[in-house]
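Chemist: Take this structure first; my questions come after.
Here is the structure:
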């Protein structure tokens, strides 16, 4: 789930109230967060300044922490699934059993409904174009689950065959082909850039650049995707 314009839409009065609930002295944060002015420039002319009650400074040293505190109580609205928060992206993980498909899906839908209500209460919006869900299963069970629909704010959430999670590309059957292909493509891109300047740098510098920009991509989360079958790995790394 992706929160639409997350940092720009944080309601600062609500944030200050939440900071008080954390026993933080909100007066210091109030001085940091307010007043914030906004105006529009166009053809060397500008509108009058107006104060805003929304938004955190993009790239501010405290913005990430403040946003994390702002959504810290989101898991309290979730009853059945397991939430994982990554800044403005939230993931829900729910096991669906063969013998209780309808019940498990209803529980997942209830959590989605609760999240929608939490978003309203906290003056935030989900981005339906980026919010998506994926089913991890074997090929036999996938036929059972693929017809399931999840709604968020009365909109059907798109079911994807691949999804990115902190730089890891997961596919439906966890065969890791899409992640291997992306790693291969990114590694080739980095190698081509190093090759373009190879005559201008020493061998030692070339080795350092290769270790920094190529091997780090290959080694990233390799304990997870490195468990793929040899056949799948060979298929997706041909000509590498």
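Residue numbers (this note's numbering): 656 to 895.
Glycine included, every Cβ here is placed at the ideal spot set by N, Cα and C.
1. For the segment 806-819 against the segment 757-774, do three or more pairs of beta-carbon atoms, one drawn from each stretch, fall closer than 8 Å, so that the two count as touching?
2. On the DSSP bridge list, what partners appear for residue 824?
3. Under 8 Å between the Cβ atoms of residue 787 and residue 751?
4. Once the 5 residues before and after residue 785 are set aside, which same chain residues still bring their CB inside 6 Å of it?
5. Using only CA atoms, which one of 859, 704, 660, 803 lies nearest to residue 693?
6. Rank 818, 827, 777 by C-alpha distance to the C-alpha of residue 801 and give the top, closest one.
7. Cβ of residue 822 within 8 Å of Cβ of residue 887?
8. Which residues mark the beginning and the end of the beta strand (DSSP E) in which residue 693 is found?
9. If we call anything under 8 Å between Cβ atoms a contact, is residue 790 one with residue 814?
10. Should the segment 658-672 be regarded as contacting the segment 708-726, the criterion being three or more beta carbon pairs within less than 8 Å?
11. Tell me whether residue 811 sits in a helix, a strand or coil according to DSSP, three-state version.
12. Taking only three categories from DSSP, how would you classify residue 762?
13. Identify whether residue 829 lies in helix, strand or coil by the three-state DSSP scheme.
14. Based on the DSSP output, what are the partners of residue 750 in its beta bridges?
15. In terms of residues, what are the limits of the beta strand (DSSP E) holding residue 707?
16. Compare the beta carbon distance of residue 762 and residue 722 with 8 Å and say whether it is the shorter of the two.
17. Pick from 699, 841, 689: whose alpha carbon is nearest that of residue 865?
18. Would residue 859 be called buried (16 or more neighbouring beta carbons within 10 Å of its own) or exposed?
19. Beta carbon of residue 724, beta carbon of residue 745: below 8 Å?
20. Nearest to residue 877 by alpha carbon, out of 857, 845, 851, 835?
21. Which of helix, strand or coil does DSSP assign to residue 616?
22. Report yes if the CB atom of residue 714 is closer than 8 Å to the CB atom of residue 742, and no otherwise.
23. Does residue 687 come out as helix, strand or coil in the three-state DSSP assignment?
Modeler: In terms of the structure at hand:
1. yes
2. Translated into the one-based positions of the chain shown, residue 824 becomes position 169. Residue 824 pairs with 819.
3. Mapped onto the chain shown, residue 787 falls at position 132. Mapped onto the chain shown, residue 751 falls at position 96. No, the pair does not count as a contact, with Cβ atoms beyond the cut-off.
4. The count along the chain shown starts at 1 and reaches residue 785 at position 130. Excluding residues within five positions, the ones whose Cβ falls inside 6 Å are 657.
5. By one-based count along the chain shown, residue 693 stands at place 38. Ranking the options by Cα distance to residue 693, first place goes to 704.
6. The sequence position of residue 801 within the chain shown is 146, counting from 1. Per the Cα distances, 827.
7. Working through the chain shown from its first residue, we reach residue 822 at position 167. Working through the chain shown from its first residue, we reach residue 887 at position 232. No.
8. On the chain shown, residue 693 is found 38 positions in, with the first residue counted as 1. First-last of the beta strand (DSSP E) with residue 693: 691-693.
9. Against the chain shown, residue 790 aligns to sequence position 135. Against the chain shown, residue 814 aligns to sequence position 159. Contact flag set, yes.
10. yes
11. In the chain shown, counting from the first residue as 1, residue 811 sits at position 156. Three-state DSSP puts residue 811 in a strand.
12. Residue numbering aside, residue 762 sits at position 107 when the chain shown is read from its first letter. Helix.
13. The residue labelled residue 829 in the question sits at position 174 within the chain shown. Correct three-state label for residue 829: coil.
14. Here residue 750 is taken as the residue at index 95 of the chain shown, counted from 1. According to DSSP, which records beta bridges pairwise, residue 750 is partnered with nothing at all.
15. Start at 1 with the first residue of the chain shown, and residue 707 comes out as number 52. Per DSSP, residue 707 belongs to the beta strand (DSSP E) from 705-707.
16. Taking the chain shown and counting its residues from 1, one reaches residue 762 at position 107. Taking the chain shown and counting its residues from 1, one reaches residue 722 at position 67. In this structure, residue 722 does not lie closer than 8 Å to residue 762 by Cβ.
17. The count along the chain shown starts at 1 and reaches residue 865 at position 210. Of the listed residues, the one whose Cα sits closest to residue 865 is 841.
18. Locating residue 859 in the chain shown gives position 204, counting from the first residue. Flag for residue 859 reads exposed.
19. By one-based count along the chain shown, residue 724 stands at place 69. By one-based count along the chain shown, residue 745 stands at place 90. Cβ atoms of residue 724 and residue 745: not closer than 8 Å.
20. For the purposes of this step, residue 877 is taken as the residue at position 222 of the chain shown. The shortest C-alpha separation from residue 877 is found at 835.
21. Any question about residue 616 goes unanswered here, given that the chain covers just 656 to 895.
22. Within the chain shown, residue 714 is the residue found at index 59, counting from 1. Within the chain shown, residue 742 is the residue found at index 87, counting from 1. For residue 714 and residue 742, no; Cβs fall outside 8 Å.
23. Counting from one through the chain shown, the residue named residue 687 turns up at place 32. Here residue 687 sits in helix by DSSP.
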